[in-house]
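First residue of the sequence shown? That's 18 in the numbering used here, and the numbers climb one at a time after it.
One structure below.
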Amino acid sequence: MAVGTTATLVAAGLAGLTFPAAAAATGCSVAYTVQSQWTGGFSGNIAITNLGSAVTGWTLTFDFPTSGQQVTQGWSATWSQSGTRVSAASLSWNGSLGTGGSTAIGFNGSWSGSNPVPTSFALNGTTCTGSVTSPTPGPTTTPPPTT
């Protein structure tokens, strides 16, 4: 059964049983480093490690702490920014991350005032805490009694 689907089984004309799709364990860790910094600019590197189930296609999001920080050029991902929210989406060659798999991306940025590092990152919507969150099992369905 594929992840993200629900299957219904019908046996000998009896009522169907519905089984929830298998949920994937999620988890990730991120190492953000400022490779170099100069007045008004900097280069940032981000190492992403997938600690959960394998993913195909990913998006890393984070918020810059100040409105004066801006991604000006990036590599190894498709970069976008709206306000302080930054998104980096995988490319065809680095989109598959198995359990324990990692990739590195980077960017050049500008800053004014100060250049604090982001404190929270999310991979495909899951906050990267450095640990794995197991899926919560769905409710079980009991078939109706047969007569």
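Idealized CB from N, CA, C, for every residue including glycine.
Spatial distance of residue i from residue j (CA atoms)
| i | j | result |
| --- | --- | --- |
| Q54 | T143 | 29 Å |
| G74 | A105 | 11 Å |
| Q86 | P133 | 9 Å |
Span of the beta strand (DSSP E), counted from its first residue to its last, around residue i
| i | result |
| --- | --- |
| L140 | 138-140 |
| F79 | 76-80 |
| S97 | 95-99 |
Residues that DSSP places opposite residue i in a beta bridge
| i | result |
| --- | --- |
| G126 | F59, V88 |
| T120 | I65 |
| T73 | S113 |
| C45 | N67 |
Residue i burial status per 10 Å Cβ neighbour count (16 or more: buried)
| i | result |
| --- | --- |
| V165 | Past the boundaries of the shown model lies residue 165; the chain is included only from 18 to 164, so the question cannot be answered. |
| G57 | exposed |
| A24 | Note that A24 has pLDDT 31, beneath the 50 cutoff, so the model's placement of it is unreliable and no number is given. |
Cβ shell of residue i (< 6 Å), same chain only, five flanking positions each side left out
| i | result |
| --- | --- |
| Q90 | N125 |
| T146 | none |
| T136 | none |
| N67 | C45, L114, G118 |
| T120 | I65, N111 |
Same chain only: Cβ atoms within 7 Å of residue i, ignoring 5 sequence neighbours per side
| i | result |
| --- | --- |
| V88 | W96, Q98, V103, F124, G126 |
| T83 | G130, S131, P133 |
Cβ-heavy atom distance, residue i to the ligand NAP, below 7 Å
| i | result |
| --- | --- |
| G117 | What this structure holds is no ligand at all, so the ligand NAP is not there to describe. |
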